[in-house]
Amino acid sequence: MTIPDTVTCIRLMDEYKMLNNIRHHSLVVARVADTLVAGLENESGSTPVP
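Taking our numbering, the leading residue of the sequence shown gets -14, the next gets one more, and so forth.
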């Protein structure tokens, strides 16, 4: 599965008229995921996801 980049996600959110509260939640979840991956990279020295 290909994970879309942030620009593509924002475009899709606009295209499908995502409600602002859901958009905000989605962006917060993405930020948390990025933080977790960065922490795992620091611990293991490699990216934990493909």
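Even glycine gets a Cβ: it sits at the ideal position worked out from N, Cα and C.
Using the three-state DSSP reduction, which class does residue i fall into: helix, strand or coil?
i             : result
threonine -13 : coil
leucine -3    : helix
serine 31     : coil
leucine 4     : coil
Measuring CA to CA, which of the options is closest to residue i?
i              : options                    : result
threonine -9   : Leu4, Arg8 and Lys2        : Arg8
isoleucine -12 : Met3, Lys2, Ala18 and Leu4 : Ala18
Near residue i, which residues of its chain fall below 8 Å by C-beta distance, leaving aside the five closest residues on each side in sequence?
i         : result
serine 29 : none
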